[in-house]
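Take a look at the structure below.
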Amino acid sequence: MIAEPRPVRSLVDVEENKVMSELDQRVAIVTGASRGMGAAAAGRLAKGGIAVVVNYARARVEAETLVGQIEAAGGRALAVQADIGEPSGVRTLFDAAEQMFGGVDILVNNAGMMKLGRLIEVEDVDFDVQVALNLGGVFRGMREGARRLRDGGRIVSISTSVVGLYQPGYGVYAATKAAVEAMTHVLAKELGGRGITVNAVAPGPVETTFFLAGKSEEQVRAIAGANPFGRLGQPDDIADVVAFLASPQGRWISGQIIRANGGVV
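Under my numbering, think of the first position of the sequence shown as 3, with each following residue one higher.
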């Protein structure tokens, strides 16, 4: 009896299977992960068998609740307090991840804030705090990730679809996120030789406390109605995109800005 020839697998297939078999050994840091899109991203990554460091600044109860939910589902997680707007914040997270899990493979730069106001009305303190967190925090995250991520790792930062829309009142916020996108393009070229991908996800309006704060029901309905899908985005809509970019299947996507906004242009 002549045996049928075994199918020949490509090197990509072999490498992907190897990575998938080691998926439960991967470790992710998600900044600002106690609620909203950050919590959804942390939970989604944990479902894939990835150990997750759940960062929070002040919402300890929410972060520890999320960790409890992940562990109850059989996952691994650790809540770590750190202010990403401070110079030592990101280092604290990497130190904790390495001590608990042995290293870091994925960094999700999610922590951020938004204070709206026409440029003529913006006070220096409001400008400084947004730059410190939205830009400074991501810069330090990228720098620390470049130094400490294992080869083949992933960096995913959260931008915003406001970049490109340039709506009145969003000047400072959009400027910080535009800078994040610029650094994403540059760092992707700097880290390509190590197989590390660097991308950003730019959501449109997402139904979180971050977005809803200060808006009336009428405003929220109007914003949702302006979307081609007739609704606001949900945290899981963004988490799924983050998870894909962080996955082995995202290996050939780098230096890109994914505008996950339901078709808003």
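Glycine included, C-beta positions come from ideal geometry on N, C-alpha and C.
Linking Ala176 to Ala113 through their CA atoms gives a straight-line distance of about 15 angstroms.
Assignment of Ala204 by DSSP, reduced to helix, strand and coil, places it in the coil class. Relative to Leu247, the option among Ala202, Ala224, Gly232 and Ala215 whose CA is nearest is Ala202. In the DSSP assignment, Gln83 falls within the beta strand (DSSP E) that extends over Ala79 to Gln83. Beta-bridge partners assigned by DSSP to Thr199: Arg156. With at least 16 other beta carbons inside 10 angstroms of its own, Ala41 counts as buried. Counting of Cβ neighbours within 10 angstroms places Arg156 among the buried residues, the total reaching 16 or more.
According to the DSSP secondary-structure assignment, Tyr58 is paired through a beta bridge with Gln83. Thr199 and Ile260 have their C-alpha atoms some 13 angstroms from each other.
Per DSSP, reduced to three states, the secondary structure at Leu118 is coil, with no helix or strand assignment.
Using a Cβ-Cβ distance cut-off of 8 angstroms, the region 214-224 and the region 164-181 are not in contact, since fewer than three pairs of beta carbons, one from each stretch, lie closer than that value. Under the DSSP assignment, Ile108 falls in the beta strand (DSSP E) whose first and last residues are Ile108 to Asn111. Secondary structure of Gly235 (DSSP, three-state): strand. Separation of Asp85 and Ala61 (C-alpha to C-alpha, rounded to the nearest whole angstrom) is 11 angstroms. Cα atoms of Arg37 and Gly105: separation of roughly 24 angstroms, rounded to the nearest angstrom.
With contacts defined as CB atoms closer than 8 angstroms, Ile31 and Phe96 qualify as a contacting pair. For Val29, the three-state secondary structure derived from DSSP is strand.
With respect to the 8 angstroms criterion, Ala53 and Arg78 are classified as neighbours on the basis of their beta carbons.
Taking a C-beta distance under 8 angstroms as the contact criterion, Gly139 and Gly91 qualify as a contact pair.
For Gln251, no alpha helix (DSSP H) encloses it, and the DSSP letter there is neither H nor E. When the Cα atoms are used, Gly51 and Arg253 turn out to be separated by approximately 18 angstroms.
Between Leu118 and the set Ala184, Phe212, Val55 and Gln258, the nearest pair of CA atoms involves Phe212. DSSP places Ala99 within a helical segment (H, G or I) once states are collapsed to three.
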